[in-house]
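Undergrad:
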Amino acid sequence: MIIEVDGYFNQALLQSEVNYSLEEIEQIYLVLKTKIELIDELPKLLCEHYNMLEIDKNIENKVDIVIDTDTDRIYKPNY
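Following my numbering, the numbering of the sequence shown begins with 1453 at its first residue and continues without gaps.
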């Protein structure tokens, strides 16, 4: 699955071997958000704690879930 972390200062595409549900990603986000000082650290922690890999943003990928760190909104994009 592909997860997009979208924020004003930081954007990242992460690939996970696990197909997380929207609810699971919301819980992961809430837990990690309490452990970091800067939201820019989120992609790094997702990679370290959940074995995700950061992938090239320039390659066209269909995103499964978006984490908007500016609004704390987590959603599945409509295609």
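The beta-carbon is built from N, C-alpha and C at its ideal position, and this holds for glycine as well. All values derive from a computational prediction rather than experimental measurement.
(1) Rounded to the nearest angstrom, what separates ILE1519 and GLU1500 at their Cα positions?
(2) DSSP on GLU1456, reduced to helix/strand/coil?
(3) Helix, strand or coil: how does DSSP classify VAL1483 here?
(4) For PRO1495, count neighbouring Cβ atoms within 10 angstroms of its own Cβ and tell me buried if that reaches 16, exposed if not.
(5) Along the chain, where does the alpha helix (DSSP H) that runs through TYR1502 open and close?
TA: Checking against the coordinates, here is how it stands:
(1) Those two C-alpha atoms are separated by around 17 Å.
(2) Three-state result, GLU1456: strand.
(3) It is helical.
(4) Under a 10 Å Cβ-count criterion, PRO1495 is classified as buried, with 16 or more other Cβ atoms of the shown protein chains found around its own Cβ.
(5) Counting along the chain, the alpha helix (DSSP H) containing TYR1502 begins and ends at 1494-1502.
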